[in-house]
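Remember, this note's numbering sits 386 above the position in the sequence shown when you count from 1.
Ideal Cβ positions, reconstructed from N, Cα and C, are used throughout, including at glycine.
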Amino acid sequence: MNILVLNCGSSSLKYQLINSDTEAVLAKGLCERIGIDGKLKHEPAGGEKYVSDAPLADHTAAVQAVIDALLDKDHGVIESVDEIHAVGHRVVHGGEKFASSVLITDEVKQALEDCTELAPLHNPANLIGIAACEKLMPGVPQVGVFDTAFHQTMPEKAYLYAIPYKYYEKYKIRKYGFHGTSHKFVSKECAAMMGKAPEDLRIVTCHLGNGGSLCAVKNGVSVDTSMGFTPLDGIAMGTRSGSIDPAAVLFLMRKENLSIDEMDKVLNKESGVLGVSGVSSDFRDIEEAAAQGNERAALALDTFAYRVAKTIGEYTAAMNGVDAIVFTAGLGENSGSMRAKICEYLGYLGIELDEEKNSKRGEAMQISKEGSKVKVFVIPTNEELMIARDTKEIVENLKK
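So this is what it looks like as structure tokens:
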């Protein structure tokens, strides 16, 4: 079964065509500047990258451009659109309605519409992508895979905020969590690498990139996660503040005479390791500056590592122990120095890193020594493959 995996942003569309039987990526690419001038970057497996500057007026035009690229006689990998058997969509927010991936129906689309207020930048684009596929590939089953779904197993004590309960009832203000597809994928891969069932393990997964979150995965399900009502909560990130005393926000707004939108920009675009370092939101730039003696850059790295390690400690307590810790995403997969800095705080767990293995980048492996009481892994995330797996399962069940 060939599954087209789509990730629609407001002006972009990432895609992969995956053979779900072999899990091979047949082609992948990106449509950028949708609604502006348009650019498509297409890469067939084993072939050369192909770039087109054809105009992309909207997401329907972008999906059509993807189909055309997949069918192209020089750069394509299929001969007919009929060889696309299903479409799996990454959907950012499913609210409380979806605890798992689902076949997209009219009822599901309405539910996504209802969640738009919770993800105003993302859900409308997801809906547009779904509509475009319906128009261009009528009858092809589509599946929604939600960033929030994996975290719907959190207990009330973990997801409720200590504010008047009426605001949860009226507005559904609660912790939702994000990066769920990534946390689900790497926790399953970790269990497989350990030769154990997910139901028998307590794992802390650390998705560390420009955006970052941690998840406590107990017996195969999410029981807590660091992002909250929005992706602003939790650890410090590239440009996001992470957790902050709400009164500090009010104080700043009064002192600096900031509007709500201006304060939102400070917290989402000007904070995190960028705000502390004054150098960059890119950890590579910050690590280079720190190596050259920039004290604020070093402080930004220390602050980040401290918050991640502290959150691992919280989740160890929440699960009454931990069997494995997983590092994933851009920083988690590639920065051995950051992994070591985080694990320095975790000696009380009996963690011992293998320095040689920890120096490697982007490879799935155990980086703790064999005698380490808690195992530590690097596992490259693959959200597209997770989406394809969920899509395949749902579509195959339709035939039964």
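Test: L600 CB closer than 8 angstroms to a CB of chain D: Protein chains in the displayed structure number just one, and chain D is not present.
In terms of DSSP beta bridges, what is H428 paired with? According to DSSP, which records beta bridges pairwise, H428 is partnered with G415 and Y436.
Could you give the uninterrupted runs of the beta strand (DSSP E) lying entirely in the region 509-584, keeping only those of 3 residues or more? 528-532
Is it right to say T491 is buried, meaning 16 or more other beta carbons lie within 10 angstroms of its own, or is it exposed? exposed
Does DSSP put G334 in a helix, a strand or coil? Nothing about residue 334 can be read from this structure; the chain reaches only from 387 to 786.
Taking the beta carbon of L594 as the centre, do at least 16 other beta carbons fall within 10 Å, making it buried, or is it exposed? Its Cβ being crowded by 16 or more others within 10 Å, L594 is buried.
Between H475 and G433, how many whole angstroms is the CB-CB distance? I'm expecting something under 8 angstroms. The pair is not a contact, with the Cβ atoms about 26 angstroms apart (cut-off 8 angstroms).
Taking K561 and Y545 to be in contact with their CB atoms under 8 angstroms, please state how far apart those CB atoms are, rounded to whole angstroms. 4 angstroms
Compute the Euclidean distance between the alpha carbons of H471 and V662, then round it to the nearest angstrom. 48 angstroms
Looking at the secondary structure, which residues open and close the alpha helix (DSSP H) in which Q402 lies? Looking at the DSSP string, Q402 is not in any alpha helix (DSSP H); the run it does join, the beta strand (DSSP E), is L399 to N405.
Residues near A517 by beta carbon distance below 7 angstroms, same chain, minus five either side: none
Please report the residue range of the alpha helix (DSSP H) in which N783 lies. E769 to L784
Going by Cα to Cα distance, which pick from S438, I389 and D647 is closest to E469? I389
Suppose contacts are defined by Cβ-Cβ distances below 8 angstroms. Is G515 in contact with V449 by that definition? Yes, the Cβ-Cβ distance between G515 and V449 is below 8 angstroms.
Less than 8 angstroms between C-beta atoms, sequence neighbours within five positions excluded: which residues of the same chain meet that for T714? S568, V572, T591, C592, H593, L594, V764, I765, P766 and T767
Hey, is the region 690-705 in contact with the region 635-647, meaning 3+ C-beta pairs nearer than 8 angstroms? no
Ranges of the alpha helix (DSSP H) found wholly within the region 685-755, counting only runs of at least 4: 715-720, 722-729 and 741-744
Which of helix, strand or coil DSSP assigns to K459: coil
Beta-carbon gap between T539 and L600 smaller than 8 angstroms: no
Could you tell me how far apart the beta carbons of G664 and G624 are, in whole angstroms, since I believe they sit closer than 8 angstroms? That belief does not hold up - the Cβ atoms of G664 and G624 are roughly 14 angstroms apart, past 8 angstroms.
Comparing alpha-carbon positions, which option in H428, E409 and L442 lies nearest I422? L442
Residue from N393, E719, N783 and S438 with nearest C-alpha to R747: E719
Contact check, A684 vs A695 under 8 angstroms by CB: the rounded distance? The Cβ separation is near 16 angstroms, so there is no contact.
How far does the beta strand (DSSP E) with K761 in it reach, from first residue to last? K761 to V764
Tell me which same chain residues have a C-beta within less than 8 angstroms of the C-beta of D619, skipping the five on either side of it? K561, S612, M613, G628 and S629
Which residues bound the beta strand (DSSP E) around V609? V607 to T611
Own chain, CB closer than 7 angstroms to A535, minus 5 neighbours either side, in chain order: G480, F484, A485, S486, S487 and G566
Which class does N393 belong to by DSSP, given the choice of helix, strand or coil? strand
A413 and L426 closer than 8 angstroms at C-beta: no
If the criterion is Cβ atoms closer than 8 angstroms, does the pair F669 and S745 meet it? no
Kindly identify the DSSP beta-bridge partner or partners of V473. L390 and Q528
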